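Undergrad:
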Amino acid sequence: MKKYAFIIDIAKCENCNNCFLSCKDEHCGNNWPGISLSQPLHGQRWINIRRRERGEFPFIDVAYLPQPCFHCDNAPCVRAAGNGAVYRREDGIVIIDPEKAKGREEIVSSCPFGAIWWNEEAQIPQKCTFCAHLLDQGWKKTRCVQACPTSALSSVFLEDKELERLIREEGLERYGGERQDAKPRCFYKNLHRYTRAFIAGTVATGDKLRSDCVEGATVRLLKDGNPVAEQKSDAFGDFKFDGLEADGSVYIVEVLSSAGERHTVEIELKKSCFTGTVRV
Amino acid sequence: MSEQVFTNCTNAGPVSVYVKDGKVTRMRPLVADEKDFKPWTIEAGGKKYSPPKKFAVAPYVHADRRRLYSEERIKYPMKRVDFDPDGERNPQNRGKSPYERISWDEALDIVAGEIKRVKDTYGGAAISGMTSSHHNWGIVGYKMGPFARFMNLLEYTPVLDNPDSWEGWHWGATHTYGFYWRLGMPEQYDLLEDSLKNAEMIVLWSNDPDTTRGTYTGQDSALWRQWLKEKGVKMVFIDPFYNFTAGVMDGKWIAPRIGTDTCLAMAIAHVWITEDIYDKEYVRDRTVGFDEFKEYVLGNTDGQPKTPEWAENESGVKARVIRALAREWAAKRTILSGGARGGEGGACRQAYGTEWARMMVLLQGMQGLGKPGRTIWGTTMGAPSDTKHWFPAYADLQGRVSTADIAKYVPMNPTKQRLWRLTLPDAVLDPPVSWYGEGFCGQSLEQQFTHFEYPMEGYPEIRLFYRYGGSFMGTMSDTTKWVKMYQSPKLEFVVNQDIWFNSETRMADIILPACSNFERDDVGEWGACGGYTCHASSGCNYRIVVRQQKCIEPLWESKSDYQILTLLAERLGMKEEFTDGRTELDWVKAFYESSDLPGLVSWEEFNKKGYHIINIPDDYKSTPSLRWFAEGRDCDTPDTNNPKRNTEKAKELGTYSGKIEFSSESLKANFPDDEERPVSPKYIPSWEGHHSEMYREYPLQLMSPHPRFTFHCHYDKHTDWLDDIPGHRIKKDGYAWWPARISPEDAALRGIQNGDIVRLYNHRASVLCIAVVTERIRPGIIHSYASSAKYDPLVPGQADSPDRGGCVNMLTPSRMVSKNVPGMTPNSCLIEIEKWEG
Ligand SMILES: Nc1nc2c(c(=O)[nH]1)N[C@H]1C(S)=C(S)[C@@H](COP(=O)(O)OP(=O)(O)OC[C@H]3O[C@@H](n4cnc5c(=O)[nH]c(N)nc54)[C@H](O)[C@@H]3O)O[C@H]1N2
Ligand SMILES: Nc1nc2c(c(=O)[nH]1)N[C@H]1C(S)=C(S)[C@@H](COP(=O)(O)OP(=O)(O)OC[C@H]3O[C@@H](n4cnc5c(=O)[nH]c(N)nc54)[C@H](O)[C@@H]3O)O[C@H]1N2
Ligand code: SF4
Ligand code: SF4
Ligand code: SF4
Ligand SMILES: [Ca+2]
Ligand SMILES: [Ca+2]
Ligand SMILES: [Mo+4]
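Okay, structure coming up:
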């Protein structure tokens with residue numbers, strides 16, 4: 001049985017909001033019988049683009065994490081609602097039945113990922129439907145996927161086996177922290193850009209009067225005395241170790257100049273940071 | 001009734017419009033038949049690059065349905081309650097008094113009556129009127145068509161637009177490499193292929209293409225930049241703001257203090273000269289005046305060598321970073337991307353912006369401009385694109401109802417008097433005003449040196465102002481002056497014709513409701529503006545001409561601009577002269593017939609299907625921009641407006657010498673003693689920057705680039721869905737505020753927290769915004785987008801009242817780029833900021 005899933009590459013998302021706005025165009029003011037009632041004009045973010053800035057001026061980066069309903073394999077919302085008010089279709093799409101779920105505000109909090117929204121006026125919980133009404137009419141892609149200019153956001157329709165292979169080959173991850181047991185069917189590439197931290201720095205020679213960037217210096221990252229990563233500084237003398245857990249661990253950044261000098265900086269990693277200029 | 005699907009086009013992409021029971025239910029990127037696409041392929045580095053069969057439109061287009069039905073639509077003709085054409089006019093109450101609904105008959109009688117009265121009393125030249133820059137898409141209804149045709153019939157005084165998009169490039173870069181027919185932008189042909197094949201690095205200097213989106217070409221080029229990133233092409237961003245392209249490209253960020261880019265450029269030249277790492281052969285053969293420039297860079301003329309250390313002091317960018325950049329640039333095949341179209345960029349809209357733009361050209365001139373991977377390219381145009389089949393675009397004379405040969409009658413305006421947009425308020429309030437330059441100087445370099453004075457001898461001052469659109473509080477400079485102008489009794493009558501309420505609408509005596517492009521018939525090619533940016537649709541993956549079908553009847557009591565002007569013309573006894581005997585649909589068909597489209601698709605098919613894709617021919621030949629010049633060959637690109645093309649001078653650029661001019665011959669001939677736009681470029685500290693007197697009281701620099709989620713005033717305020725995008729407007733206490741971005745340092749110094757309402761102020765005005773505290777902005781700078789559509793003064797009608805709509809242009813100076821360069825300078829603006837306690 002083939003099922004749908006979202007594949008989202010964080011490194012390709014430029015926060016253009018095409019997905020968010022196309023979702024509004026499809027669902028605001030439009031009822032899609034059996035699948036969904038109109039999304040209110042404001043306040044619901046069926047695809048919620050989360051934003052993160054990391055680092056400090058001028059060593060920063062930004063990441064965007066578009067988050068639709070994950071259409072979980074083992075969906076807590078389905079279990080909590082009971083009685084078919086929220087159900088999972090054979091194609092993997094999780095639907096909130098607009099009639100059966102009427103008046104049941106508690107369904108909103110059954111989603112551990114914050115993907116369900118409450119419609120005060122219609123008294124129903126609502127969320128992304130994977131545009132099931134369109135797929136049922138023969139469309140191949142959802143509105144948001146069609147609108148994405150870079151294919152940061154895409155969808156697949158695959159057998160579980162094929163999906164598993166894709167996850168392996170592309171290094172895809174689920175987002176959702178502790179609640180992996182829900183088995184979200186939304187897989188992220190380059191997730192570390194959003195969830196992890198970096199240590200960046202720059203290597204230079206000389207003093208205030210005359211200084212140059214050092215390209216090609218060997219920079220090592222050590223944790224508990226063990227090297228965990230190694231890089232060469234680039235033409236601007238910059239290096240950046242990414243994908244680190246911001247758990248307060250202590251790291252040592254070790255810079256080895258071509259003359260064999262060794263300089264170290266100690267970092268307690270609580271959030272992405274800049275070591276300052278390492279002078280060699 | 002069953003569902004119908006219509007085709008239409010917006011200024012950022014084509015759409016399919018779904019209509020049920022006379023109501024639009026969906027608007028999505030146009031769905032074309034798979035078989036109609038023939039994607040091109042570029043081979044580079046052993047890979048093949050080919051675009052998907054779809055149109056990647058800009059975000060706001062997805063919200064166009066909401067804009068169509070917006071409560072911000074002007075629904076009925078209206079009259080200011082205390083305006084009486086036969087009695088008290090109360091001009092002082094413009095911007096203050098409310099409006100009452102009137103009938104179309106009454107509105108048209110008043111407008112036609114006033115036109116007739118003013119014309120009879122003072123002459124046609126006492127009538128003036130103007131549009132804004134950007135119109136809803138479609139050549140038939142375009143502002144340069146019907147509106148211009150109507151105003152020409154009245155023999156009005158036109159207001160010349162300053163070339164706001166191009167400023168420094170128009171007034172500066174043209175004197176280094178010509179291209180005045182492109183207002184200072186270089187050609188962009190086949191540069192996507194060149195970059196994929198040859199580029200190793202791209203320096204995006206004052207450029208955020210993921211935001212500015214090729215101006216009209218939506219997001220097709222976002223994918224190209226992904227390809228370049230995947231190829232490992234290094235990207236460097238020189239911008240005081242960590243912009244959105246920098247974010248997704250993960251580039252190197254260099255953030256100079258505003259107003260010091262020229263200084264940075266000089267230091268790069270200094271490294272190249274002193275380390276002997278520039279293309280000496282190219283400089284010898286393809287340029288003139290290098291020695292004079294070199295003397296200045298080395299400090300032999302003024303005692304100050306333009307070293308990276310000197311530049312660090314001015315710009316705040318580390319000397320070692322400047323040196324590293326200069327060396328990388330020289331060592332790698334590096335493309336320079338100096339703004340949305342190759343050139344442009346916020347750095348060109350400021351004091352002495354000419355010098356920066358000239359330096360952009362000259363830096364590439366030192367590295368072999370036009371050689372493989374060494375060009376000037378915005379990253380937004382130059383896909384393989386058919387240029388053989390012509391379809392008129394709005395800026396083409398043959399694409400306008402007012403000037404096209406398809407008209408039986410073309411009205412000529414005999415009035416010689418002109419106004420200058422940026423000094424219009426001064427012209428009304430405090431004449432005379434004078435300036436150099438004929439607006440968009442696209443015909444010759446000399447047009448920049450024509451002197452104008454208003455009022456012109458033998459002509460009256462203006463008394464009637466016909467405003468079509470109404471965006472200027474958010475887009476022109478020092479805009480409290482516009483409020484004052486509108487309240488002047490000298491303007492006896494003001495009419496405003498627009499679709500939505502904009503920042504100036506409520507300054508009029510009569511307001512006329514126009515309808516959108518979805519409520520009338522039209523035709524247009526996506527991305528194609530023609531004229532000074534010919535072949536701009538090469539920023540799209542596919543050329544597509546769209547038959548813009550009327551999807552629904554005009555809403556409320558709105559009418560198409562063409563209809564409104566027809567009704568006025570009728571009352572003035574010139575209906576036939578105005579319409580040429582044609583309906584809007586007749587004009588659509590006539591433009592189709594005048595084009596090369598009939599050879600490709602029948603009218604019946606085009607009209608019914610609603611679009612035609614013009615694919616590239618099988619024998620497509622790539623002719624990269626300026627390669628001909630670098631190789632000393634005749635120009636082989638299809639740059640039709642290049643006057644030397646196909647002549648015996650076809651190897652030459654459009655400068656006097658035909659070469660790149662480090663020392664400008666055109667400036668030497670016309671303004672040899674201008675210290676502010678010297679013959680050879682110089683770094684001149686800004687007249688409103690960190691060295692100026694004003695800095696002591698107002699130590700923050702305001703930068704106001706082009707808004708990411710709207711197209712200038714289009715969509716802002718009229719499409720409230722955008723307020724749900726965190727970062728367009730931000731809601732607080734039930735109000736959607738305009739964001740002002742501030743660094744954590746500057747915020748802490750002033751006790752400002754994220755989400756606080758803040759007052760941005762200087763001696764010109766106060767604007768209330770919501771603070772966004774972010775590491776994305778260089779300390780010392782406040783970032784707030786231009787082009788708020790909402791002017792909402794705390795005290796309506798009072799010019800100096802704080803505005804909470806977000807028109808930050810109330811703060812920007814009306815001083816020009818330099819004394820002989822009448823360009824706008826919004827990015828030379830000093831302010832202070834404080835928490836607003838209300
Ligand atoms: N601070 C700062 N200011 C800037 C800039 C900057 O970088 N910084 N950039 C400058 C630049 S490059 C530009 S191009 C300008 C743009 O500034 P403007 O030209 O002032 O802005 P637009 O949003 O294009 O204005 C469009 C107006 O026309 C109306 N309109 C659109 N379609 C129709 C139609 O079909 N019929 C009628 N009747 N009206 C219509 C719209 O409703 C709106 O009122 O801003 C300039 N201002
Ligand atoms: N979404 C959207 N797209 C648009 C428009 C729009 O309104 N909205 N407008 C269209 C029009 S009419 C035009 S003319 C083009 C304009 O296109 P551009 O002129 O290229 O756009 P800007 O936003 O003015 O500037 C681009 C970048 O320059 C940076 N910048 C500003 N001042 C300085 C400076 O002093 N130094 C440096 N190094 N960088 C600086 C800004 O932060 C910004 O990231 O965009 C077009 N595209
Ligand atoms: S993301 Fe939330 S709402 Fe969606 S299926 Fe999973 S648990 Fe249910
Ligand atoms: S799949 Fe459909 S419903 Fe879900 S976020 Fe995308 S557009 Fe919205
Ligand atoms: S449309 Fe694509 S690139 Fe744009 S915000 Fe959504 S996921 Fe990101
Ligand atoms: Ca900081
Ligand atoms: Ca908001
Ligand atoms: Mo512009």
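Line by line, the protein sequences are chains E and C. Straight run, no breaks: the first sequence in full-length UniProt numbering ends on number 280. Straight run, no breaks: the second sequence in full-length UniProt numbering ends on number 838. The beta carbon of each residue, even a glycine, is placed where N, CA and C say it ideally should be. Remember, predicted model here, so these are calculated numbers, not experimental data.
1. If you check the beta carbons only, do C/I376 and C/L336 fall under 8 angstroms apart?
2. Show which residues of chain E have a CB atom less than 8 angstroms away from the CB atom of C/H62.
3. Go through its chain and collect everything with a Cβ distance to C/G654's Cβ below 8 angstroms, but skip five positions before and after it.
4. Suppose the cutoff is 7 angstroms on Cβ atoms and the five residues either side in sequence are ignored; what does the same chain contact list for E/C148 look like?
5. Taking C-alpha atoms, which residue in C/D239, C/S602 and C/V321 lies nearest to E/T205?
6. Restricting to runs no shorter than 4 residues, where is the alpha helix (DSSP H) found entirely within the UniProt domain "Molybdopterin dinucleotide-binding" (701-817) of chain C?
7. Mapping DSSP to helix, strand and coil, what is C/Q29?
8. Under the assumption that E/I10 contacts E/Y64 (Cβ atoms under 8 angstroms), give the Cβ distance between them as a whole number of angstroms.
9. What are the start and end residues of the beta strand (DSSP E) that includes C/E453?
10. Ignore the nearest five residues each way along the sequence and tell me which others in C/A126's own chain have a CB closer than 8 angstroms to its CB.
11. When DSSP labels each residue in this structure, what does C/V233 get in the three-state scheme?
12. Does ligand 2 have a heavy atom nearer than 7 angstroms to the CB of C/A347?
13. Considering Cα atoms alone, identify which of C/L768, C/M824 and C/Q798 is closest to C/P705.
14. Rounding to the nearest angstrom, what Cα-Cα distance links C/L223 and C/D792 in this structure?
15. Mind reading off the beta-carbon distance from E/A85 to E/I116? Whole number of angstroms is fine, and I expect it under 8 angstroms.
16. If you measure from the beta carbon of C/V248 to each beta carbon in chain E, is any gap under 8 angstroms?
17. Could you name the residues of chain E that C/D724 contacts, counting a contact when the two beta carbons are closer than 8 angstroms?
18. What residues match up with C/M78 in a beta bridge as DSSP calls it?
19. Please return the same chain residues whose Cβ sits closer than 7 angstroms to the Cβ of E/D212, not counting the five positions on each side in sequence.
20. I'd like to check one pair, C/I742 with C/V767: are the Cβ atoms closer than 8 angstroms?
21. Quick one: is the Cβ of E/P66 within less than 7 angstroms of any heavy atom of ligand 5?
22. Give every residue of the same chain whose Cβ lies closer than 7 angstroms to the Cβ of C/I725, excluding the five residues on either side of it in the sequence, and list them in chain order.
23. Could you pull the start and end residues of the beta strand (DSSP E) that E/H263 belongs to?
24. Measure the CB-CB distance between C/C540 and C/G527 and report whether it falls below 8 angstroms.
25. Ligand 8 heavy atoms versus the CB of C/S133: any closer than 7 angstroms?
26. Check distances from the C-beta atoms of the region 708-720 of chain C to those of chain E and list, in chain order, the residues that come in under 8 angstroms.
27. Going by the beta-carbon positions, is the gap between C/G484 and C/E519 smaller than 8 angstroms?
28. Taking 7 angstroms as the cut-off, does the CB of E/P58 come closer than this to any heavy atom belonging to ligand 3?
29. So, are the CB atoms of C/E34 and C/Y18 less than 8 angstroms apart?
30. For C/M359 versus C/V283, is the C-beta distance shorter than 8 angstroms?
31. Looking at the unbroken alpha helix (DSSP H) that takes in C/G247, where does it start and where does it end?
32. Would you call the CB atoms of E/C144 and E/C16 closer than 8 angstroms?
33. Is there at least one Cβ from chain C nearer than 8 angstroms to E/P58's Cβ?
34. Return the CA-CA distance between C/V495 and C/T131, expressed in angstroms with no decimal places.
35. Got a sec, what are the start and stop residues for the alpha helix (DSSP H) E/I167 sits in?
36. With a threshold of 7 angstroms on Cβ separation, who are the neighbours of C/D36 within its own chain once the five nearest residues in sequence on each side are excluded?
TA: From the atom records:
1. In this structure, C/I376 lies near C/L336, with their beta-carbon atoms less than 8 angstroms apart.
2. Within chain E, the residues near C/H62 are N18, L21, S22, K24, D25 and A147.
3. Non-local C-beta neighbours of C/G654 in its own chain, meaning closer than 8 angstroms and more than five positions away in sequence, comprise T174, Y177, G178, F179, Y180, W181, L445, N642, P643 and K644, ordered along the chain.
4. N18 and C19
5. C/V321
6. 744-749
7. At residue 29 of chain C the sequence reads Pro, which differs from the Gln that was named. Strand, per DSSP.
8. 7 angstroms
9. H451 to Y454
10. V118, K119, T157, P460, E461, I462, R463 and L464
11. coil
12. yes
13. C/M824
14. 39 angstroms
15. With a Cβ gap of about 12 angstroms, E/A85 and E/I116 do not count as contacting.
16. yes
17. Those within 8 angstroms of C/D724 in chain E are F20, K24, H42, G43 and R45.
18. Assignment of beta-bridge partners to C/M78 by DSSP yields C/R101 and C/I511.
19. A204, T205 and G206
20. In this structure, C/I742 does not lie closer than 8 angstroms to C/V767 by Cβ.
21. yes
22. Once the five neighbours on either side are set aside, the close Cβ partners of C/I725 are F709.
23. If you look at E/H263, you'll find it in the beta strand (DSSP E) that goes R262 to E268.
24. For the 8 angstroms CB-CB criterion, C/C540 and C/G527 form a contact.
25. yes
26. F709 and D720
27. Reading the sequence as shown, one finds Lys at residue 484 of chain C and not Gly. No Cβ-Cβ contact shorter than 8 angstroms links C/K484 with C/E519.
28. Set against 7 angstroms, the gap from the CB of E/P58 to the closest heavy atom of ligand 3 is not smaller.
29. Result no, Cβ atoms of C/E34 and C/Y18 do not sit closer than 8 angstroms.
30. Cβ atoms of C/M359 and C/V283: not closer than 8 angstroms.
31. F244 to M249
32. It is not a contact, given that the beta carbons lie outside the stated cut-off.
33. yes
34. 12 angstroms
35. D160 to E170
36. I613
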